[in-house]
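Residue numbers (my numbering): 42 to 501.
Structure below.
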């Protein structure tokens with residue numbers, strides 16, 4: 042490697058190398074105390090930020106649930122612009138002049154002003170039914186509870202993924218802090234109070250089930266997660282592709298059976314909550330109208346790679362991008378299986394590849410989706426954690442560790458660019474970071490080199 046190359050490598054990998062060297066300067070008890078204090082401080086700051094906002098997305102969920110519980114005529118049908126206007130009119134009528142300064146009134150007026158008198162209803166019937174179980178009808182109380190629930194879900198999801206991938210307790214605490222307020226997708230999710238943290242916890246649960254080869258249970262959770270928010274569907278596809286490549290056809294059957302069962306229960310739950318057997322077809326029609334909505338696709342906050350391609354070429358490339366990346370996943374998975382020597386452990390290799398496939402599918406979902414708001418980028422976290430752990434364990438491979446560090450730095454710069462209002466720059470940085478992570482995942486699939494054992498810990 043040239044001197045210039047060594048300089049670049051050192052600059053990019055310094056954050057990764059600094060973590061264990063810093064830990065070694067402290068005793069283990071003191072390092073654990075620091076690792077506990079950092080995420081607690083981050084959580085407290087996030088609580089202060091979230092409770093200072095009205096929670097626009099959460100109010101959209103909450104108001105629909107309350108109108109449904111009241112059997113309000115405006116909430117008999119949720120989907121479509123006309124129904125959204127009726128919901129908006131019902132919410133406006135319910136807001137009396139005496140409540141103009143409450144959080145609920147501020148959220149209602151802001152939503153109605155932002156969406157031209159409508160309450161947007163793009164969520165699935167199952168998502169409404171699931172969130173309804175966490176709502177009491179008191180917006181202030183429900184809001185604070187959901188903020189706490191989201192913070193806990195976010196921290197628990199990262200902790201589960203870190204421990205499963207072999208991070209030490211100290212590094213786990215630092216990861217929870219690193220993906221806190223300094224990470225724009227998390228901040229964005231807490232400001233609008235969407236369900237990104239719950240979705241991340243679902244992914245963490247899926248990785249834990251896949252790691253234990255509980256494929257029927259993993260499929261069941263996948264079915265629930267996809268009908269909760271369909272963005273994660275490519276993760277199930279990527280997992281199935283790698284399982285077929287590795288010859289686990291019986292496990293694929295269990296995954297599909299579990300997915301059908303979970304999806305069926307979620308479909309039924311959504312219908313029962315809305316008392317409408319056509320709600321899913323109405324939602325699908327509304328979703329297609331949303332995707333074809335030019336003002337949303339061209340929104341400055343849309344970080345989608347396919348919208349970038351659409352703006353440049355005039356062609357909706359979302360399906361092509363998803364199919365292309367899944368096709369590359371198939372090629373890498375089959376090539377990696379052929380390239381793996383028989384001496385490698387038959388237990389550890391598929392374990393790591395299946396976890397990797399699920400993480401990779403989350404990034405494929407982001408790359409192919411026509412709409413990617415900043416809080417959707419929380420789905421980068423599983424593959425970022427994978428790449429970070431691999432970079433630490435393969436520190437002798439400068440190209441891998443440099444690219445992993447560069448991806449994290451680009452995502453950090455993505456948040457800074459969004460904060461400065463440079464949306465075009467943020468769009469470029471975010472998508473380049475995502476594609477770098479996808480390339481690292483393809484590398485691991487081809488070379489089948491992951492050697493993280495279940496329950497192993499990084500030495501700090």
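Glycine included, C-beta positions come from ideal geometry on N, C-alpha and C.
Secondary structure of residue 290 (DSSP, three-state): helix. Distance between residue 450 and residue 249, taken at the CA atoms: about 27 angstroms.
Taking every protein chain shown into account, the CB of residue 230 has 16 or more other CB atoms within 10 angstroms, so this residue is buried. Cβ-Cβ distances below 7 angstroms link residue 302 to 261, 264 in the same chain, with the five nearest sequence neighbours on each side left out; the list follows chain order. Residue nearest to residue 349 within the set 468, 398, 238, 440 is 468 (criterion: CA-CA distance). Fully contained in the stretch 171-253 are the following alpha helix (DSSP H) runs of length 4 or more, in chain order: 180-205, 210-219, 225-233, 237-252. Counting along the chain, no alpha helix (DSSP H) covers residue 416, and no H or E run does either. Taking C-beta separations shorter than 8 angstroms and ignoring five residues to either side along the sequence, the partners of residue 358 in its chain run 347, 350, 351, following chain order. In the same chain as residue 417, and ignoring 5 residues on each side of it, the C-beta atoms closer than 8 angstroms to its own belong to 226, 237, 272, 344, 407, 410, in chain order. The shortest C-alpha to C-alpha distance from residue 422 to any of 115, 452, 253 is the one to 452. Non-local beta-carbon contacts of residue 196 in its own chain, meaning distances under 7 angstroms to residues more than five positions away in sequence, involve 80, 84, 217 in chain order.
Taking a cut-off of 8 angstroms on C-beta distances, the stretch 283-293 does not touch the stretch 237-247, as fewer than three cross pairs fall below it.
For the 8 angstroms CB-CB criterion, residue 115 and residue 130 form a contact. Beyond the five residues adjoining it in sequence on each side, residue 475 comes within less than 7 angstroms, by CB distance, of 404, 407, 408, 421 in the same chain, given in chain order. Taking each of 472, 445, 471, 457 in turn and checking the Cα distance to residue 484, the smallest one comes out for 445. Inter-residue distance for residue 269 and residue 182 is about 24 angstroms (C-alpha atoms, whole angstroms). Following the DSSP letters along the chain, one finds residue 273 in no alpha helix (DSSP H), marked with neither H nor E.
Apart from sequence neighbours up to five positions away, the residues of its chain that approach residue 124 with a beta-carbon distance below 6 angstroms are 118, ordered along the chain. A straight line joining the alpha-carbon of residue 178 with that of residue 148 spans about 15 angstroms.
Take the alpha-carbon of residue 96 and the one of residue 207: they are about 35 angstroms apart. Within the model, the alpha-carbon separation for residue 93 versus residue 370 is close to 43 angstroms.
Residue 117 carries a coil assignment under DSSP once its states are collapsed to helix, strand and coil. C-alpha of residue 78 to C-alpha of residue 89: approximately 17 angstroms in a straight line.
Taken through DSSP and simplified to helix, strand or coil, residue 393 comes out as helix.
Closest by C-alpha distance to residue 251, out of 233, 295, 213, is 295. Around the C-beta of residue 458, 16 or more other C-beta atoms lie within 10 Å, and the residue is accordingly described as buried. If you draw a straight line from the Cα of residue 308 to the Cα of residue 442, it is about 43 angstroms long.
Taken atom to atom, the span from the alpha-carbon of residue 324 to that of residue 311 is near 11 angstroms. In the structure shown, residue 166 adopts helical secondary structure according to DSSP, grouped into three states. A straight line joining the alpha-carbon of residue 433 with that of residue 257 spans about 33 angstroms.
Annotation for residue 484: the continuous alpha helix (DSSP H) segment containing it runs 464-488.
Residue burial is scored here from C-beta neighbours: residue 107 has at least 16 other C-beta atoms within 10 angstroms and is therefore classed as buried.
Excluding five sequence positions before and after residue 157, none of the CB atoms of its chain fall closer than 6 angstroms to its own CB.
Look at residue 157 here: in three-state DSSP terms it is coil, with no helix or strand label.
In the DSSP assignment, residue 320 falls within the unbroken alpha helix (DSSP H) covering 320-332.
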